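Here's the structure we're looking at; comments come further down.
Protein chains: 2
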Amino acid sequence: MGPAVAKQFRTVAIIGLGLIGSSIARAMGASDPGVHLKAYDFASEVRQQARRLNVVHQVTESADDAVSGADLVILCVPVRAMEAVAQSLSRSIGKDAIVTDVGSSKSLVSSVLRRILPGARIVPGHPVAGSERSGPEAGSAELFEGRWCILTPDQHTDPDDVEAIASFWRSLGAKVEIMSAQQHDLVLAAISHVPHLLASSSVAAVAALEEKHGQPFLEFSAGGFHDFTRIAAANASVWKDIFLSNKEAIVQVCSLFRNMAERLEQLITDEDEATLLQELEQARQVRLNLNVNS
Amino acid sequence: MGPAVAKQFRTVAIIGLGLIGSSIARAMGASDPGVHLKAYDFASEVRQQARRLNVVHQVTESADDAVSGADLVILCVPVRAMEAVAQSLSRSIGKDAIVTDVGSSKSLVSSVLRRILPGARIVPGHPVAGSERSGPEAGSAELFEGRWCILTPDQHTDPDDVEAIASFWRSLGAKVEIMSAQQHDLVLAAISHVPHLLASSSVAAVAALEEKHGQPFLEFSAGGFHDFTRIAAANASVWKDIFLSNKEAIVQVCSLFRNMAERLEQLITDEDEATLLQELEQARQVRLNLNVNS
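Chains P and B, in that order, give the protein sequences.
Under the working numbering, the first sequence has 152 at position 152, and the numbering climbs by one with no breaks.
Under the working numbering, the second sequence has 136 at position 136, and the numbering climbs by one with no breaks.
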């Protein structure tokens with residue numbers, strides 16, 4: 001699918017070379033070496049790493065140099081840095097360039113980009129490629145293989161630009177879904193942000209119990225709780241930003257999840273065996289319907 | 001470590017040949033083929049499977065036949081079946097036999113066994129070997145390798161019997177910890193039962209959202225939420241029993257977990273960046289302190 005990219009974009013600028021940015025670079029190199037690929041990261045040590053790893057044609061010494069002349073600009077910075085980064089690039093992004101991003105929450109980022117880059121060809125996006133790792137060395141050309149990339153155009157977005165970004169992501173191996181920013185934020189709150197919040201708070205609660213009782217708890221964990229601790233071990237700063245940038249949907253979903261947990265708890269308290277079994281069986285079926293392995 | 005078992009027990013009866021019972025059989029066969037191993041399961045198809053798999057010397061056609069003459073009786077039935085099973089065996093268990101169990105909750109099971117088998121040499125136990133699979137075919141000789149087995153003796157338990165059961169579990173590869181039944185139940189509620197309840201209720205909540213909005217949610221899940229669906233896919237009937245048999249500790253821990261989740265939610269609502277980061281960082285450190293891989 002490389003030719004689809006080559007036809008559309010000649011010079012691509014990646015701003016931010018963390019896990020996602022560097023994986024895009026690697027995947028592009030693998031799918032179409034004909035595109036000229038420039039990149040910038042705000043951390044000088046990351047720029048040096050990226051040069052050593054040789055994942056792009058040119059690591060520039062300023063963000064302006066990276067986007068100058070690019071017909072595709074991909075913002076791969078933390079969601080809460082989007083505003084400052086877009087601001088700093090507002091004059092150097094070419095007027096015909098398509099601007100996309102990879103932010104984990106879309107309502108806030110889309111409105112920020114729309115406000116700071118009025119008239120720009122913006123196609124907000126989010127590759128849903130969960131990983132607890134971070135940094136350019138964690139990047140991989142296969143990160144998006146078979147994963148979803150959700151695009152969230154609004155009424156100002158040109159459908160041709162959406163299609164161009166969709167085929168760009170398909171060329172990296174991703175499946176593309178289009179929905180509104182609001183839908184995206186609700187879906188992600190439900191399947192990612194609130195589960196992460198629950199895992200982190202559960203791990204913190206057990207650590208507090210351990211301290212209170214002066215005896216080990218965590219040491220005995222097996223199976224499920226190991227997954228919770230692994231989820232909680234993700235980059236705290238990245239997740240703080242995700243939580244804060246998707247506040248409304250998270251609060252809404254927290255309340256739904258809490259109601260469901262309290263319902264199960266009530267069934268346990270009431271010893272309502274039949275209903276409890278039925279609820280657990282329904283949750284079990286969800287996984288079987290997903291038809292996944294491992 | 002086979003000789004330690006051989007010295008202590010000559011005839012061992014396993015009642016219940018699910019994942020745990022059949023794994024004990026396999027592990028014993030691997031560690032000490034000298035012990036005579038008898039077993040019974042209440043389901044005739046499981047008895048047939050066990051005969052085909054050839055994991056014990058003798059699969060009996062009654063529970064009484066299995067325990068008759070055994071100097072160690074291991075009850076591997078679901079926690080809420082312990083009462084009926086102990087009742088049915090109360091006359092055939094030899095008066096010098098040590099009786100142990102593998103139930104996931106200990107206060108209830110211990111008091112049931114103590115009441116139904118007064119004067120018996122009871123050493124309640126729980127091998128913490130998390131697995132979502134079940135049935136004799138899922139059993140493995142390595143299931144307990146490096147895992148904890150928690151023993152919960154009370155004031156009536158003979159310390160020599162505790163040591164005999166501890167060395168039995170060590171011979172199967174397990175690490176042994178001794179604590180009160182109440183401590184055990186609180187620890188397990190925190191590191192297993194309530195996390196499982198949260199995973200199941202979260203999966204159910206997302207399924208409800210999907211139905212309400214008439215659009216896919218689960219399909220986009222990656223990373224963390226896949227773990228939740230896998231946890232929720234465990235045997236519903238087994239987990240219903242675990243929940244009901246450890247009600248008090250579960251309700252107590254649910255309330256602690258809820259407070260912690262609400263605290264994080266409040267920090268998000270208040271946009272208290274510094275404290276939120278600090279809390280997430282602390283939960284992250286828990287995993288790093290556990291010093292585990294993957």
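Quick reminder that beta carbons are idealized off the backbone N, C-alpha and C, glycines included.
Given the structure is predicted, the values throughout are model-derived calculations rather than measurements.
Rounded separation between residue i and residue j - CA only
i: D96/P; j: A164/P; result: 13 Å
i: S192/B; j: H226/P; result: 10 Å
i: H57/P; j: P118/P; result: 30 Å
i: S310/P; j: V128/B; result: The structure shown does not extend to residue 310/P, since chain P is modelled only from 1 through 294, so no value can be given for it.
i: R258/P; j: L172/P; result: 38 Å
i: I98/P; j: D161/P; result: 7 Å
i: D272/B; j: M260/B; result: 15 Å
i: E279/B; j: K175/P; result: 35 Å
i: L143/P; j: C149/P; result: 11 Å
i: S237/P; j: A236/B; result: 37 Å
i: H126/P; j: P78/P; result: 12 Å
i: N293/P; j: L197/B; result: In this prediction, N293/P has a pLDDT of 49, which is less than 50 and means its spatial position is unreliable; what the coordinates show is noted afterwards. Rounded to the nearest angstrom, the two C-alpha atoms are 22 Å apart.
i: V206/P; j: V253/B; result: 9 Å
i: L113/B; j: G223/B; result: 42 Å
i: H36/P; j: G94/P; result: 16 Å
i: A274/P; j: R147/B; result: 33 Å
i: D101/B; j: T100/P; result: 59 Å
i: P153/P; j: I250/P; result: 21 Å
i: A234/P; j: S134/P; result: 9 Å
i: F9/P; j: G29/P; result: 13 Å
i: D41/P; j: L17/B; result: 58 Å
Cβ of residue i within 7 Å of any chain P Cβ
i: P124/B; result: no
i: A274/B; result: no
i: H184/B; result: no
i: K240/B; result: yes
i: M260/B; result: yes
i: G69/B; result: no
i: E271/B; result: yes
i: S140/B; result: no
i: V12/B; result: no
i: S201/B; result: yes
Exposure of residue i, with buried meaning 16 or more beta-carbon neighbours within 10 Å
i: L188/B; result: buried
i: H184/P; result: buried
i: T229/P; result: buried
i: K240/B; result: buried
i: E265/B; result: buried
i: G214/B; result: exposed
i: S44/P; result: exposed
i: D270/B; result: exposed
i: K247/B; result: buried
Test item: CB-CB of residue i and residue j under 7 Å
i: I15/B; j: L75/B; result: yes
i: T157/P; j: D71/P; result: no
i: A138/P; j: L19/P; result: yes
i: A306/P; j: S110/P; result: The requested residue 306/P does not occur in the structure, where chain P is confined to residues 1 to 294.
i: I116/P; j: A86/P; result: yes
i: I242/P; j: S104/P; result: yes
i: A199/B; j: I231/B; result: yes
i: L151/B; j: I178/B; result: yes
i: P124/P; j: Q49/P; result: no
i: V203/P; j: V194/B; result: no
Sequence-distant residues of the same chain with beta carbon closer than 6 Å to residue i, five excluded per side
i: V55/B; result: S22, A25, R26
i: A13/B; result: K38, A66, V67, A70, V73
i: L108/B; result: S245
i: V59/P; result: A39, R47, A50, R51
i: W169/P; result: C149, V176
Residue i at chain B interface by Cβ criterion, 7 Å
i: K212/P; result: no
i: V286/P; result: yes
i: H193/P; result: no
i: C149/P; result: no
i: C254/P; result: yes
i: I268/P; result: yes
i: E83/P; result: no
i: F257/P; result: yes
i: S221/P; result: yes
i: H36/P; result: no
i: P3/P; result: With a pLDDT of 43 at P3/P, under the threshold of 50, the predicted position of this residue should be treated as unreliable, and no value is reported.
i: E137/P; result: no
Beta-carbon contacts of residue i that lie in its chain and below 7 Å, excluding the five residues immediately before and after
i: E145/B; result: G173
i: A4/P; result: The predicted model places A4/P with a pLDDT of 44, which falls under 50 and marks its position as unreliable; any figure quoted below should be read in that light. S167, S171, listed in sequence order.
Chain D contact for residue i (CB, 7 Å cutoff)
i: T229/P; result: Of the protein chains in the structure, P and B, none is chain D.
Close-in-space but distant-in-sequence residues of the same chain around residue i (CB under 8 Å, 5 per side omitted)
i: R80/P; result: D241, L244, S245
i: I268/P; result: L276
i: E210/B; result: P216, F217, L218
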